[in-house]
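Below is one structure; the comments refer to it alone.
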Ligand SMILES: Nc1ncnc2c1ncn2[C@@H]1O[C@H](COP(=O)(O)OP(=O)(O)OP(=O)(O)O)[C@@H](O)[C@H]1O
Ligand SMILES: [Mg+2]
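Chains as they are written, first to last, in my numbering: chain U, 1 to 216; chain B, 217 to 458.
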């Protein structure tokens with residue numbers, strides 16, 4: 001047994017990097033997929049809507065933990081290949097993010113008045129241009145508070161990666177706690193770090209929401 | 217050949233047949249005003265002309281080309297046929313300049329360097345050049361509608377459709393929008409408009425079309441129609457709006 005030292009604190013911050021990597025991966029991979037899903041959900045082509053709806057039902061119906069288990073333990077067994085933990089965990093978080101962001105953004109897109117599509121299409125621009133220049137900027141503004149809210153969920157959700165042995169912030173906390181026998185202190189520090197990341201986002205999201213409501 | 221030929225057009229929403237065989241010609245340079253009671257199908261007819269609605273039967277030809285919502289060059293059609301809506305439908309996140317230049321730049325009608333000058337030119341035609349950098353929410357309803365008209369003009373359309381463009385305005389703002397439309401009429405723009413402004417219809421229209429229950433009930437010059445209505449439906453409509 002030893003006491004909690006600054007080196008333990010350093011190891012927590014080192015692990016924090018991995019938390020950030022996970023969040024970045026989840027967004028970098030998940031956001032494009034989310035956009036595709038949102039567009040598929042509002043598509044005029046029925047099979048695209050069905051595929052997107054099925055994917056969303058599936059992913060949203062599985063707990064995040066289940067997704068992690070599936071990609072970390074299940075996929076290597078099915079495919080017979082060993083994937084690095086970061087890849088498996090990254091994909092699981094990307095799948096999770098794509099489903100939730102996809103639905104948030106679809107909601108934002110559908111909250112923009114139909115008349116805006118009509119006005120834009122009446123000017124003879126393509127459907128993609130209508131979306132890109134007229135609908136998307138308005139939808140993003142509407143969906144931004146919920147998007148940031150999801151980001152907070154995601155940051156906290158990365159702690160689940162510890163279950164498959166991935167050393168991110170929560171797992172590093174476990175290790176430090178086991179080594180120092182000071183769980184109260186260690187976990188307080190871990191909690192404080194999560195809070196320091198999430199709290200400003202929550203405030204930002206709230207103020208955006210207030211501004212949005214004030215604008216209508 | 218008429219600029220727009222409408223032949224026996226039918227359109228239903230579910231079981232509700234809204235256009236029951238409408239035929240109408242619109243010639244180059246004409247100002248056609250469509251009047252009629254609420255629900256008689258005026259807006260629907262207008263929206264069929266630029267394919268915002270798909271006709272169920274009959275045919276509409278614009279500049280000789282058949283109009284369909286699934287047509288290959290739908291965008292070409294929309295670039296030639298402008299529409300102004302009752303609710304303005306400006307893009308709230310864009311400045312007046314960007315509202316106007318978005319489509320001309322995206323469709324290659326104007327390049328980025330010329331775009332601002334184009335915006336200034338069309339804004340001068342509606343008397344709003346000083347509002348070029350404003351956002352729609354900073355403008356009055358009348359000003360917003362004039363920007364919406366300028367946005368259409370920037371595409372240099374051959375035909376413009378107006379669906380009750382003054383109906384959402386406070387009475388004191390109606391005049392400024394009608395004046396802009398009068399100027400356009402004088403400059404030779406072909407216009408089809410649905411309006412409740414009978415004074416405007418009488419003074420500016422070259423042809424008035426009275427729609428009733430999904431049909432063209434009567435049409436003629438303003439003096440013919442107002443002075444000498446042939447049907448009891450038009451007679452009662454005229455007396456109801458006086
Ligand atoms: N998208 C739609 N879906 C279902 N019904 C519609 C739709 N658009 C119009 N209708 C119906 O079609 C009929 C004609 O509508 P339209 O808007 O063409 O009338 P209008 O002559 O323009 O009337 P108003 O003077 O009130 O604008 C109405 O009964 C209306 O309820
Ligand atoms: Mg109408």
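Virtual Cβ for every residue (Gly too), placed ideally from N, Cα, C.
Residue j beta carbon less than 8 Å from that of residue i
| i | j | result |
| --- | --- | --- |
| residue 163 of chain U | residue 85 of chain U | no |
| residue 322 of chain B | residue 315 of chain B | no |
| residue 87 of chain U | residue 161 of chain U | no |
| residue 42 of chain U | residue 104 of chain U | no |
| residue 284 of chain B | residue 295 of chain B | no |
| residue 453 of chain B | residue 291 of chain B | no |
| residue 299 of chain B | residue 266 of chain B | yes |
| residue 422 of chain B | residue 246 of chain B | yes |
| residue 238 of chain B | residue 432 of chain B | yes |
| residue 370 of chain B | residue 334 of chain B | yes |
| residue 24 of chain U | residue 168 of chain U | no |
| residue 68 of chain U | residue 145 of chain U | no |
| residue 56 of chain U | residue 142 of chain U | no |
| residue 37 of chain U | residue 102 of chain U | yes |
| residue 262 of chain B | residue 425 of chain B | no |
| residue 358 of chain B | residue 377 of chain B | no |
Residue i: CB within 7 Å of a non-hydrogen atom of ligand 2
| i | result |
| --- | --- |
| residue 381 of chain B | no |
| residue 410 of chain B | yes |
| residue 259 of chain B | yes |
Neighbour flag for residue i against chain U, beta carbons, 8 Å
| i | result |
| --- | --- |
| residue 229 of chain B | no |
| residue 308 of chain B | yes |
| residue 317 of chain B | no |
| residue 322 of chain B | yes |
| residue 242 of chain B | no |
| residue 247 of chain B | no |
| residue 336 of chain B | no |
| residue 251 of chain B | no |
| residue 222 of chain B | no |
| residue 299 of chain B | yes |
Three-way DSSP call (helix, strand, coil) for residue i in this model
| i | result |
| --- | --- |
| residue 324 of chain B | coil |
| residue 228 of chain B | strand |
| residue 272 of chain B | coil |
| residue 453 of chain B | helix |
| residue 258 of chain B | helix |
| residue 163 of chain U | helix |
| residue 141 of chain U | helix |
| residue 310 of chain B | coil |
| residue 147 of chain U | helix |
| residue 423 of chain B | strand |
| residue 27 of chain U | helix |
| residue 216 of chain U | At residue 216 of chain U the pLDDT is 45, less than 50, meaning the model places this residue with poor confidence; the figure from the coordinates comes in the next sentence. Residue 216 of chain U falls in the coil class under three-state DSSP. |
| residue 247 of chain B | strand |
| residue 342 of chain B | coil |
| residue 202 of chain U | helix |
| residue 432 of chain B | strand |
| residue 14 of chain U | helix |
| residue 239 of chain B | strand |
| residue 8 of chain U | helix |
Residue i at chain B interface by Cβ criterion, 8 Å
| i | result |
| --- | --- |
| residue 137 of chain U | yes |
| residue 55 of chain U | no |
| residue 216 of chain U | Low confidence applies to residue 216 of chain U: its pLDDT is 45, below 50, so where it sits in the model is not reliable, and the reading given next is rough at best. By this cut-off, residue 216 of chain U is not an interface position. |
| residue 134 of chain U | yes |
| residue 202 of chain U | no |
Residue i beta carbon near ligand 1 (any heavy atom closer than 7 Å)
| i | result |
| --- | --- |
| residue 217 of chain U | Limits of chain U in this structure are 1 at one end and 216 at the other, which puts residue 217 of chain U out of reach. |
| residue 415 of chain B | no |
| residue 252 of chain B | yes |
| residue 255 of chain B | yes |
| residue 266 of chain B | no |
| residue 232 of chain B | yes |
Minimum Cβ-Cβ distance from residue i to chain A less than 8 Å
| i | result |
| --- | --- |
| residue 303 of chain B | Note that chain A does not occur in the displayed structure, where the protein chains are U and B. |
Any non-hydrogen atom of ligand 3 closer than 7 Å to residue i Cβ
| i | result |
| --- | --- |
| residue 229 of chain B | No copy of ligand 3 appears in this structure; the ligands present are ligand 1 and ligand 2. |
Self-check item: the region 277-296 of chain B: positions lying closer than 9 Å to chain U by Cβ
Solution: 290, 291, 292, 293, 294, 295 and 296
Practice problem: Taking only beta carbons into account, state which residues of the region 105-131 of chain U come closer than 9 Å to chain B, listed in chain order. | Solution: 113, 115, 116, 118, 119, 120, 121, 122, 123, 124, 125, 126 and 129
Quiz item: Relative to chain U, which residues along the region 255-268 of chain B have a C-beta separation below 7 Å, given in chain order?
Solution: The region 255-268 of chain B vs chain U, Cβ under 7 Å: 266 and 268.
Quiz item: Relative to chain U, which residues along the region 346-380 of chain B have a C-beta separation below 7 Å, given in chain order?
Solution: Taking 7 Å as the cut-off between beta carbons, the residues of the region 346-380 of chain B near chain U are 371, in sequence order.
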